[in-house]
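Below is one structure; the comments refer to it alone.
In full-length UniProt numbering, the protein residues as written are 1 to 228.
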């Protein structure tokens, strides 16, 4: 019975590791949607949310890995007739993306003349914005790959360190976008904002509406019971 309980707990913790990684990348994806809508204020809000999620992920992943190490030690072949290998396979299939910075954006999408025509300026700013979004998507793939590697082999990488680094990398990339696009050409950014509404905002609005309806029904039922 103890072995069965340990195996069930092992599965729960392994799934929790995947869930933690999924939550981190979900908030990086929110950043992508904000940037693709050219919404600087929303991007800053998403950065703040990502920072909170990363801190939680570091704590939670450290706890999960610590408990999993103990469980796997008990379940490996030998004393406990284990069904779980102590050295489960884990692969780093995706390389960490090279950090995107304001300097690299300027170099890749340069504005060589102060008298650049509007169409060329627009193309350059779109290129910078698309490059930041593409970098963040690479970061999403990398975090998912590393999380999966740890779920398979706890010795692969440190998840708390991974999530901290991912949060820092996202911050640097967004700062690069703000410096080279938002702050450098605010008038153009204002004309682009709102053309690509972030889907996650629509989902939040839908959920909030459902929650509001449930609360209203409960309040109406409570008042009806009080006056009955």
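Backbone N, C-alpha and C fix where the C-beta goes; we use that ideal spot for every residue, glycine too.
Taking the straight line between their C-alpha atoms, what separation do you get for residue i and residue j?
| i | j | result |
| --- | --- | --- |
| residue 197 | residue 205 | 13 Å |
| residue 122 | residue 172 | 23 Å |
| residue 19 | residue 113 | 48 Å |
| residue 195 | residue 37 | 6 Å |
| residue 202 | residue 3 | 45 Å |
| residue 190 | residue 14 | 44 Å |
| residue 82 | residue 150 | Below a pLDDT of 50, predicted positions are generally treated as unreliable, and residue 82, at 45, falls in that range; the measurement from the model is reported next regardless. Rounded to the nearest angstrom, the two C-alpha atoms are 19 Å apart. |
| residue 78 | residue 7 | Residue confidence is low: residue 78 scores 41 on pLDDT, short of 50, so the model does not pin down where it sits. No coordinate-derived value is stated. |
| residue 45 | residue 131 | 21 Å |
| residue 87 | residue 153 | Residue confidence is low: residue 87 scores 46 on pLDDT, short of 50, so the model does not pin down where it sits. Its coordinate-derived value is still stated next. The straight-line gap from Cα to Cα measures roughly 6 Å. |
Any idea if residue i is buried or exposed, counting beta-carbon neighbours within 10 angstroms, 16 or more meaning buried?
| i | result |
| --- | --- |
| residue 222 | exposed |
| residue 110 | exposed |
| residue 210 | exposed |
| residue 183 | exposed |
| residue 169 | buried |
| residue 128 | buried |
| residue 75 | buried |
| residue 35 | buried |
| residue 70 | exposed |
| residue 161 | exposed |
| residue 5 | exposed |
| residue 66 | exposed |
| residue 54 | buried |
| residue 120 | exposed |
| residue 187 | exposed |
>> With three or more C-beta pairs closer than 8 Å as the rule, is the region 134-151 touching the region 19-29?
In response: Touching, yes.
> For the 8 Å Cβ check, are there 3 or more pairs between the region 98-106 and the region 129-143?
Replying inline: Note that the region 98-106 touches the region 129-143; at least 3 beta-carbon pairs, one per stretch, sit closer than 8 Å.
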